[in-house]
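Residue numbers (this note's numbering), protein chains in the order written: chain A, 20 to 136; chain B, 20 to 136. Below is one structure; the comments refer to it alone.
Protein chains: 2
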Amino acid sequence: MEYQPGLHLLTTLYTDKSELLQHSANWKNFIQEQISKYQLTEVGQAIHDFPTGGFTAVHCLTESHISIHTWPEYGLCTCDVFLSNFKKNNDNTTQSIMAAIHDFFETHRHESHMLRR
Amino acid sequence: MEYQPGLHLLTTLYTDKSELLQHSANWKNFIQEQISKYQLTEVGQAIHDFPTGGFTAVHCLTESHISIHTWPEYGLCTCDVFLSNFKKNNDNTTQSIMAAIHDFFETHRHESHMLRR
Numbered sequence: 020m021e022y023q024p025g026l027h028l029l030t031t032l033y034t035d036k037s038e039l040l041q042h043s044a045n046w047k048n049f050i051q052e053q054i055s056k057y058q059l060t061e062v063g064q065a066i067h068d069f070p071t072g073g074f075t076a077v078h079c080l081t082e083s084h085i086s087i088h089t090w091p092e093y094g095l096c097t098c099d100v101f102l103s104n105f106k107k108n109n110d111n112t113t114q115s116i117m118a119a120i121h122d123f124f125e126t127h128r129h130e131s132h133m134l135r136r
Numbered sequence: 020m021e022y023q024p025g026l027h028l029l030t031t032l033y034t035d036k037s038e039l040l041q042h043s044a045n046w047k048n049f050i051q052e053q054i055s056k057y058q059l060t061e062v063g064q065a066i067h068d069f070p071t072g073g074f075t076a077v078h079c080l081t082e083s084h085i086s087i088h089t090w091p092e093y094g095l096c097t098c099d100v101f102l103s104n105f106k107k108n109n110d111n112t113t114q115s116i117m118a119a120i121h122d123f124f125e126t127h128r129h130e131s132h133m134l135r136r
C-alpha cells in the first residue's frame with residue numbers, strides 16, 4: 020500500500036476570550052475531550068505556561084500532532100491539527116477538531132491553511 | 020509593538036537512511052545539538068518509538084515547536100520547524116535548522132512549504 024498523506028490544518032485565530040489564551044488549563048481539558056471523543060492516541064504532551072501569560076502546548080499522537088501557541092497580548096493563537104491517514108482516513112476528524120477549536124475560542128477572524136502531506 | 024509573525028517551514032522528505040527513520044535515538048541527539056547551537060529554549064518534548072519501527076516526536080520550544088513523524092516503510096518523514104519572531108528575528112535559524120535536517124537525512128527528494136504566521 021502506498022503512503023496515505025494526512026491532512027494538516029493550520030490556523031492563526033483571533034479571539035476576545037483572552038482568559039483562554041492566558042493559561043493552558045481550559046485548553047488542556049478541551050483538547051483532552053477532543054482526543055477522547057475521536058479516539059485518538061496521545062503518546063505524550065508538553066505544555067508550558069509562560070510566567071507573563073500565554074502558553075505553548077504540543078500533543079504528540081500516534082496519528083501525528085496538535086499544537087498551540089498563544090499570544091494573549093495580541094489576542095491570537097497559532098494552532099495546528101495534523102492527523103495521518105495510516106490506519107483509517109482521519110480527514111473528517113481533523114476538520115471537526117479544527118472547527119471545535121474555533122468554537123472553543125469563539126474565533127472572530129482567522130487566517131488558515133490546509134496541507135495534504 | 021505589533022505581532023511579529025514567525026516562519027513555519029514544513030517538509031515531507033525522502034531518504035535512503037532508513038535506520039534514521041526507524042528509531043528516535045539519532046534524531047534526539049541531532050535535534051538537541053541544533054536546539055543548543057541556536058540557543059533555543061526547549062520547555063518539553065514528547066517522543067514515541069513505535070514497536071514496529073518509526074517514531075513521532077514533538078519538541079516544545081518557547082519559540083514554538085519542531086515536530087517529526089517518520090514512516091520507515093515508505094522511506095519518508097514529515098517535519099516542521101516553526102519559530103516565532105517575538106524577541107528577535109529567528110528566520111535564519113528556522114532555515115538553518117531545516118537545512119540541517121535535510122543534511123542529516125541526506126534527503127534525495129522533498130515537498131516543502133513555507134508559511135508566515
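From the three backbone atoms N, C-alpha and C, an ideal C-beta is built for every residue, glycine too. Every value quoted in this text rests on a predicted model; they were computed, and no experiment measured them.
Would you say residue i faces chain A, with C-beta separation under 8 Å as the test?
i, result
"alanine 65 of chain B", "yes"
"cysteine 79 of chain B", "yes"
"valine 62 of chain B", "yes"
"leucine 26 of chain B", "no"
"tyrosine 57 of chain B", "no"
My assumption, with CB atoms under 8 Å, is that residue i sits in contact with residue j. Please give the rounded CB distance.
i, j, result
"serine 115 of chain B", "leucine 29 of chain B", "Between leucine 29 of chain B and serine 115 of chain B the Cβ distance is about 16 Å, and since that is not below 8 Å, they are no contact."
"serine 103 of chain B", "serine 83 of chain B", "5 Å"
"threonine 34 of chain A", "threonine 126 of chain A", "6 Å"
"leucine 59 of chain A", "tryptophan 90 of chain A", "In fact, because the Cβ distance is near 26 Å, the residues do not count as touching under 8 Å."
"leucine 26 of chain A", "threonine 113 of chain A", "5 Å"
Kindly indicate if chain B contains any beta-carbon less than 8 Å away from that of residue i.
i, result
"arginine 136 of chain A", "yes"
"tryptophan 90 of chain A", "yes"
Could you tell me which residues DSSP pairs with residue i in its beta bridges?
i, result
"serine 103 of chain B", "Serine 103 of chain B is not bridged to any residue."
"alanine 119 of chain B", "Note: alanine 119 of chain B sits in no beta bridge, so no partner."
Output, in chain order, the set of chain B residues within a Cβ distance shorter than 7 Å of residue i.
i, result
"threonine 31 of chain A", "Arg136"
Mind pulling the chain B residues with CB within less than 8 Å of residue i?
i, result
"leucine 40 of chain A", "In chain order: nothing, as chain B lies at least about 12 Å away."
Which bits of chain A does residue i rub up against, with CB to CB less than 7 Å?
i, result
"leucine 95 of chain B", "Tyr22"
"histidine 132 of chain B", "Leu134"
Using C-beta distances below 6 Å, list every residue in its chain close to residue i, excluding the 5 sequence neighbours before and after it, in chain order.
i, result
"methionine 133 of chain A", "Leu28"
"serine 37 of chain A", "Pro91"
Using a Cβ-Cβ cutoff of less than 8 Å, which residues in the same chain neighbour residue i once the five nearest sequence positions on both sides are dropped?
i, result
"histidine 129 of chain A", "Thr30, Thr31, Leu32, Tyr33, His121"
Name the chain A residues whose beta carbon is nearer than 9 Å to that of residue i?
i, result
"serine 86 of chain B", "Val77, Cys79, Ser83, His84, Ser86, Asp99, Phe101"
With a threshold of 7 Å on Cβ separation, who are the neighbours of residue i within its own chain once the five nearest residues in sequence on each side are excluded?
i, result
"valine 62 of chain B", "Cys79, Leu80, Thr81"
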